[in-house]
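Structure record follows, encoded as structure tokens.
Residue numbers (my numbering): 2 to 142.
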């Protein structure tokens, strides 16, 4: 069964997703990061290149010929054919239809009230699917 972890009260979703992807990659996992839309996908791609002066996060966009060999895949299409199924980091407003294909899903929810409401709806969606998500409040860590 897929483990779903909600990280809420996140001040900067893109920076948080990059750090989470870095941690997962360093632990030997393959990661898919699902963006809300093309604009967020572009910003995420840029953020992956600039996360730090000393870190390199090998990543490509879904559909790239090197996707199967690259540990971090970025996409804004939940229905895209994906070569990895270890970890999914969801930055979108909707629960991914293919969440059960992954071993673990991280739902990232910002401090914005609209995003928080969408996060509550995703939380309820998972519970309706008999998934018991965990909850981590980022600002309290």
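Every residue gets a Cβ at the ideal spot worked out from N, C-alpha and C, and that includes glycine.
One or two residues paired with residue 4 in a DSSP bridge: BP columns for residue 4 point to 105.
Whole angstroms are fine: how far does the CA of residue 124 sit from the CA of residue 13? It is roughly 20 Å from the alpha-carbon of residue 13 to the alpha-carbon of residue 124.
Test item: CB-CB of residue 103 and residue 6 under 8 Å: Between residue 103 and residue 6, the C-beta gap is not smaller than 8 Å, which leaves the two residues out of contact.
Does the separation of the CB atoms of residue 72 and residue 32 fall below 8 Å? Yes, the pair counts as a contact, with Cβ atoms nearer than the cut-off.
Thinking residue 79 and residue 97 are a contact (beta carbons under 8 Å), I'd like their distance in whole angstroms, please. Right, their Cβ atoms sit about 4 Å apart.
Counting only runs that start and end within the stretch 60-84, where is the beta strand (DSSP E) found for 3 or more residues in a row? Look at the stretch 60-84 and you find these whole runs of beta strand (DSSP E), each 3 residues long or longer: 60-62, 73-76.
Ordered along the chain, which non-local residues of its own chain (more than five positions away) have a Cβ less than 7 Å from that of residue 131? No residues qualify anywhere along the chain.
Selection from 83, 23, 44 that minimises the alpha carbon distance to residue 55: Selected option, being the one with the closest Cα: 23.
Along the beta strand (DSSP E) that carries residue 136, what are the first and last residues, could you check? Note, residue 136: beta strand (DSSP E), 135-138.
Taking the Cβ atom as the reference point for each residue, do residue 9 and residue 100 lie within a distance shorter than 8 Å? No.
Note down the Cα distance separating residue 142 from residue 136, rounded to an integer number of angstroms. Bear in mind that the predicted position of residue 142 carries a pLDDT of just 49, short of 50, making it unreliable; the figure below should be weighed with that in mind. A straight line joining the alpha-carbon of residue 142 with that of residue 136 spans about 12 Å.
Using only alpha-carbon positions, find the residue among 138, 140, 68, 58 that is nearest to residue 28. By alpha-carbon distance to residue 28, the top candidate from 138, 140, 68, 58 is 58.
Pairwise C-alpha distance: residue 26 and residue 41: Going by the C-alpha atoms only, they are around 21 Å apart.
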